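In my numbering, the protein residues as written are 18 to 334.
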């Protein structure tokens, strides 16, 4: 019997054409599901027939109740080598192999810089005004000579720091694990947490979400920031206290925010971040690029072939 393979979370209906799925035809039949997340009972009904499921990042939560409701499931494949929405311990206990993929390292930094520049120069408002028959609306901000604060100087944070340096910005950074030596090696000045928020004209978040980083950008941290400063978050929504951020934006204690990630995704239709005029928001597209999807899906195919041959690769459990 051929394997039943599902590709889910394909909200944009693009997965079918990104790579050549016929490479799996000798081991199974591939089905593409485009539905948005649903409750556990609906997901169990939807996914019951499948032995292999390909998931896109953290769009659907594979917790223990869902995994237990899928007795046919043998292999779970995820884009990236980290997926907080999968209960790896439960998967292991149930005999479900979980494998990941590499990521295209430039997609998220490039989106970060696009958002930073668009917010700084007020591009969305100016472009919309032009479409509506108007002309210049205000003054854009400048980056040359300003201070870019990086919260989390990992691979993405370092790339964004390089962009800042090219644009003539002074770049500072802090995280709980960062040292002055590591910062200096990247051409960045190491500062304390409070100094990072106080000095940044633009603060960009690049931490991994963990219990330690959850809510790290809280009301106190936002209060340290300059009223004319901008916040950019393309990492994970829960790192920033959304209630505190909304209050700061509404009260003019922060000039603006560019956000690609949110505490709840998809963002509810009535959420304040959809309507605030000083917010530039995008629907978690930091990893949604042609090159990244090509890498994700081509390596999922490799993972499935290797697992079927009895030699799983890029194992996460």
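C-beta atoms are modelled at their ideal positions from N, C-alpha and C, and glycine is treated no differently. From a predicted model like this one, the values you see are computed outputs, not experimental measurements.
Assumed close pair residue 324, residue 90 - CB separation to whole angstroms, cut-off 8 Å: No, residue 324 and residue 90 are not in contact; Cβ-Cβ is about 12 Å, not under 8 Å.
Counting C-beta neighbours from all protein chains within 10 Å, is the total for residue 141 16 or more, i.e. buried, or is it exposed? Per the 10 Å Cβ criterion, exposed.
CB of residue 164 within 8 Å of CB of residue 217, strictly: yes
What do you reckon, are the CB atoms on residue 274 and residue 248 nearer than 8 Å? yes
First through last residue of the beta strand (DSSP E) which encompasses residue 189: Taken as a continuous stretch (DSSP letters only), the beta strand (DSSP E) holding residue 189 covers 187-191.
Determine, using beta carbons only, whether residue 296 and residue 276 come nearer to each other than 8 Å. yes
Cα-Cα separation between residue 65 and residue 254, rounded to whole angstroms: 31 Å
Would you mind stating whether residue 223 and residue 167 have Cβ atoms separated by less than 8 Å? yes
Between the region 108-126 and the region 235-250, do at least 3 Cβ pairs fall closer than 8 Å? no
Can you grab the Cα-Cα spacing for the pair residue 102 / residue 334, in whole Å? 14 Å
Following the continuous beta strand (DSSP E) through residue 196, name the residue where it begins and the one where it ends. No beta strand (DSSP E) contains residue 196, which DSSP labels as neither H nor E.
Quick check: what's the CA-CA separation for residue 151 versus residue 20? One Cα belongs to residue 151, the other to residue 20, and the distance between them is close to 57 Å.
Taking 8 Å as the CB-CB cut-off, is residue 188 touching chain D? Absence of chain D from the displayed structure is noted, only one protein chain being present.
Taking Cβ positions, are residue 312 and residue 119 nearer each other than 8 Å? yes
Three-way DSSP call (helix, strand, coil) for residue 272 in this model: Correct three-state label for residue 272: coil.
Compute the Euclidean distance between the alpha carbons of residue 209 and residue 192, then round it to the nearest angstrom. In a straight line, the C-alpha of residue 209 is about 8 Å away from that of residue 192.
Short of 7 Å in beta carbon distance, which residues of its chain neighbour residue 47, apart from the five on each side in sequence? Order them along the chain. 22, 24, 38, 41
One or two residues paired with residue 315 in a DSSP bridge: Paired residues: none, contrary to the question.
DSSP three-state call for residue 332: helix, strand or coil? The answer is strand: DSSP assigns residue 332 an E or B state.
Once DSSP output is grouped into helix, strand and coil, what is the label at residue 120? coil
For a quick check, are the C-beta atoms of residue 137 and residue 157 less than 8 Å apart? yes
Based on the DSSP output, what are the partners of residue 70 in its beta bridges? 23, 93
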